[in-house]
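Accompanying notes for the structure given below.
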Amino acid sequence: MLLERYLESLGSEAIQRALDLDAPRPALVRPTQDPKFGDFQINGAMPLGKELKKSPRELAQPIAEALAGVDAIEKAEVAGPGFVNIHLALPWIASKLTEALRDAARDGVPRVEEVSKVIVDFSSPNIAKQMHVGHLRSTIIGDAIARILSFMGHDVVRDNHLGDWGTQFGLLIVGMREWGDENALQATPIPELERVYKLASERAGSDEAFAERARAELAKLQSGDDQNRALWEHFVEVSRGTLEAVYAELDVSFDVWLGESAYHDALPGVVDDLLERGIAREDEGAVCIFWDEIDGAPKALRKQKTPFIVRKKDGAFLYSTTDIATVQHRKDHFHADRALYVVDNRQGLHFQQLFAVMKLLGTDMELEHVGFGTVLGNDGKPLRTRDASGHVITLASLLEESKQRARQRIDEGVAEGRLRVRPEEMDEVSRVVGIGAVKYADLRQNRLSDYQFDWDKMISFQGNAGPYLQYAYARCASIFAKGGVDMDAIVASATITLDAPAEQTLGKHLLRFTDVVYQAGATSQPHLVCEHIYELARAFNGFYAECPVLDAQGATRESRLGLTALTARQIRRGLGLVGIGVVDRM
RNA sequence: GCACCCGUAGCUCAGCUGGAUAGAGCGCCGGACUUCGAAUCCGUAGGUCGAAGGUUCGAAUCCUUCCGGGUGUGCCA
55 MLLERYLESL
65 GSEAIQRALD
75 LDAPRPALVR
85 PTQDPKFGDF
95 QINGAMPLGK
105 ELKKSPRELA
115 QPIAEALAGV
125 DAIEKAEVAG
135 PGFVNIHLAL
145 PWIASKLTEA
155 LRDAARDGVP
165 RVEEVSKVIV
175 DFSSPNIAKQ
185 MHVGHLRSTI
195 IGDAIARILS
205 FMGHDVVRDN
215 HLGDWGTQFG
225 LLIVGMREWG
235 DENALQATPI
245 PELERVYKLA
255 SERAGSDEAF
265 AERARAELAK
275 LQSGDDQNRA
285 LWEHFVEVSR
295 GTLEAVYAEL
305 DVSFDVWLGE
315 SAYHDALPGV
325 VDDLLERGIA
335 REDEGAVCIF
345 WDEIDGAPKA
355 LRKQKTPFIV
365 RKKDGAFLYS
375 TTDIATVQHR
385 KDHFHADRAL
395 YVVDNRQGLH
405 FQQLFAVMKL
415 LGTDMELEHV
425 GFGTVLGNDG
435 KPLRTRDASG
445 HVITLASLLE
455 ESKQRARQRI
465 DEGVAEGRLR
475 VRPEEMDEVS
485 RVVGIGAVKY
495 ADLRQNRLSD
505 YQFDWDKMIS
515 FQGNAGPYLQ
525 YAYARCASIF
535 AKGGVDMDAI
545 VASATITLDA
555 PAEQTLGKHL
565 LRFTDVVYQA
575 GATSQPHLVC
585 EHIYELARAF
595 NGFYAECPVL
605 DAQGATRESR
615 LGLTALTARQ
625 IRRGLGLVGI
635 GVVDRM
């Protein structure tokens, strides 16, 4: 259940009733920061002090009294300058947890009342280039957001908006004719395309005639030349295979792969429309939108005086043009209510401009740039795709390295008798742990922050790291395995009670799950889910140390098995929402 | 120049829809495996929240200025 929303409604009603107001006031429910103050506090009395000309403490007293007698609340007391501290009733919490335990399909998390059609635009690598660590963020943050929104009940379309139509293809076409190796293109397509692209791009820098040829080939491609079209399709085909392999490793999928090329035919119409409406005009041969000439344009854009260029002077279109066509397609074809762009913060200006154009065009979709920080190297500067020794840090090699490190750690653990992984499970466990560690290291941070890339931190197995959470899950599973207890039977029949302090702490964490998922979905912040699962795992490890489960008797044993089952499910669900897997033994 | 982002413990980061004594992990130091799994648990030390003003009953959080760092900015994506 949505706990805070429920308490907010209880609180605001209590304020209205207790103070005899003609309208409800916000209760301002917040979790307490110290358990000794109870579980939640209602801050709503304090802002009313001035208005009602009474001291907040005086106002808080009747509010606290009005809350007495509610099932969910054990006691409500006035504290400090005028807080009303709420202590939740343990039997009430326990009954909610028992309900969640029974609900194997959704773990007690309700579906949203209003379903939105949401496009999540993420990953979007360029064809003909390897994915490197920089692509990791968009891919896994976007995947996590899509998973969270889907679970909430929204209608999500995952779109991989590939960079498959840019200037680079002119260079690639002439480059392949000049230096291409068809065998290499079959065997190792992306490295071969990268090699050729590098040569071509260097040549174009110093040889204007060569650059002109590349532009001409691009124009031919874009005007439908059969030969160039076939070559391009070949590039896309071989690249896509390589991309799919990485996505499979990451357990990331898409509903549609609508790259830039998909919108090519719509581009002239976009520009004509902007010209006709007087939004854009020609300048120095290019078609531009000048913000300071448009009434009602955002102030920051007007001041900044950076035009939005939708057609180059050579007649070619840009990604600005494509993005406008893309929004229109998402409305016309998918009937989307929202579109989320999971793209690096550095493209913030582009999206600000794009969204402003769409507003001028009257789009009623909710458009949001879900930005994220740059991946930095150890020197604190944006990470280059090559490390100091000149090696490309590809995403594939990062994932491979992580799996290997995981395997090594598991081998050590098994040799020392600390871990229990069967030989036939090694591949699977090192994959789940290795990939999970990489994902968790990224996802647990607020996405807006820049991200310092560090092997040891990223592939960490200690403390607040992926394996910690997976380990807690394995401990849960292990209790059931060791005791020979059928988890389904517990789910169907156990009644949870909260007696020991460690049980109470665990139970209160479990109760917060719905709020966390909804908050994460509303703000596109997967790290909130990570944080919650980490705290849950901590609470469970505390419970594990304090409270014997299998050796307990009667109703206590049942209840503890129920708590363990619910914890296992919530860890698995929570990690699943951010795309991280679990294993029963590790 | 203009726009945007950031500055919190030695390091990496939470907290920033304003709420009580600012929290984690790593690292340091010290405890806990004959007892459901020690990738664990318990504890100690460590902070003028970049600086100064302002708003407020209350500011790490909002506003202003300054200092420091980063990013973007006319024909790449």
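According to our numbering, the first sequence is numbered sequentially starting from 55.
Just so it is clear, CB atoms sit at the ideal spot from N, CA and C, and this is done for glycine as well.
Cβ-Cβ distances below 6 Å link ASN139 to PHE91, GLY92, GLN95, GLU131, ALA133 in the same chain, with the five nearest sequence neighbours on each side left out; the list follows chain order. GLU557 and LYS385 have their alpha carbons spaced roughly 49 Å apart. Contact between the stretch 139-150 and the stretch 113-129 is established, with three or more Cβ pairs separated by less than 8 Å. VAL187 has no beta-bridge partner at all, per DSSP. The beta carbons of THR551 and ALA77 sit no closer together than 7 Å.
DSSP places ASN237 within a helical segment (H, G or I) once states are collapsed to three. Assignment of beta-bridge partners to CYS342 by DSSP yields ARG335, ILE363. Of the other Cβ atoms in all chains shown, fewer than 16 fall within 10 Å of the Cβ of TYR60; this residue is therefore exposed. Short of 7 Å from the beta carbon of ILE181, and not among the five residues preceding or following it, lie these beta carbons of its own chain, in chain order: LEU216, GLY217, ASP218, PHE289, VAL290, SER293. Shown here, ASP280 sits in a helix according to DSSP, grouped into three states. Only residues of its own chain outside the window of five on either side were considered, and among them LYS457 have a CB closer than 6 Å to the CB of ARG485, listed in chain order. For TYR395, the pairing in a beta bridge is given by DSSP as ASP175, HIS423. Comparing C-alpha distances from THR568 to each of CYS342, ASP209, PRO164, VAL310 shows the shortest one belongs to PRO164. Residue pairing by DSSP places GLY350 opposite no residue, since no beta bridge is assigned to it. Only residues of its own chain outside the window of five on either side were considered, and among them CYS342, ILE343, PHE344 have a CB closer than 7 Å to the CB of PRO361, listed in chain order.
A residue is called buried once 16 or more other Cβ atoms fall within 10 Å of its Cβ, and SER503, having fewer, is exposed.
DSSP places PRO78 outside both helix and strand once states are collapsed to three, so it counts as coil.
Counting only runs of 3+ residues, the beta strand (DSSP E) found wholly inside the stretch 57-135 occupies 83-85, 94-96, 127-133, in chain order. For the options ALA273, ASP337, ARG231, ASP209, the alpha carbon positioned closest to that of ALA254 is the one of ARG231.
The C-alpha of HIS189 is placed about 44 Å away from the C-alpha of VAL603. Its chain contains VAL637 as the residues whose beta carbon lies nearer than 8 Å to that of GLU482, once the 5 sequence neighbours on both sides are disregarded; these appear in chain order. In this structure, ALA528 lies away from GLU612, with their beta-carbon atoms at least 7 Å apart.
Under the DSSP definition of a beta bridge, ARG212 partners with VAL174. In the three-state reduction of the DSSP assignment, ASN595 falls in the helix class, which pools H, G and I. 7 Å or more divides the Cβ of ALA122 from the Cβ of ARG71.
In this structure LEU155 is in contact with ALA619, their Cβ atoms being roughly 6 Å apart against a cut-off of 8 Å. With contacts defined as CB atoms closer than 7 Å, VAL300 and VAL325 fail to qualify as a contacting pair. Buried is the label assigned to ASN282, since at least 16 other Cβ atoms lie within 10 Å of its Cβ. Inclusion of CYS584 and ARG498 in the CB contact set at 7 Å is warranted, their separation being smaller than that value. GLU236 sits exposed, since fewer than 16 C-beta atoms from the chains shown fall within 10 Å of its C-beta.
Close CB contacts of THR86 within its chain, under the 8 Å cut and outside five residues either way in sequence, are with GLY92, ASP93, PHE94, GLN95, ASN139 (chain order).
A straight line joining the alpha-carbon of ILE227 with that of ARG639 spans about 51 Å. The beta carbon of ARG84 is closer than 6 Å to those of GLN95 in its chain, skipping five residues each way along the sequence. Here PHE264 carries a helix assignment [DSSP, helix/strand/coil]. Between ARG212 and ASP309, the C-beta spacing is below 7 Å. The C-beta distance from ALA393 to ILE173 rounds to 4 Å, short enough to fall under 8 Å.
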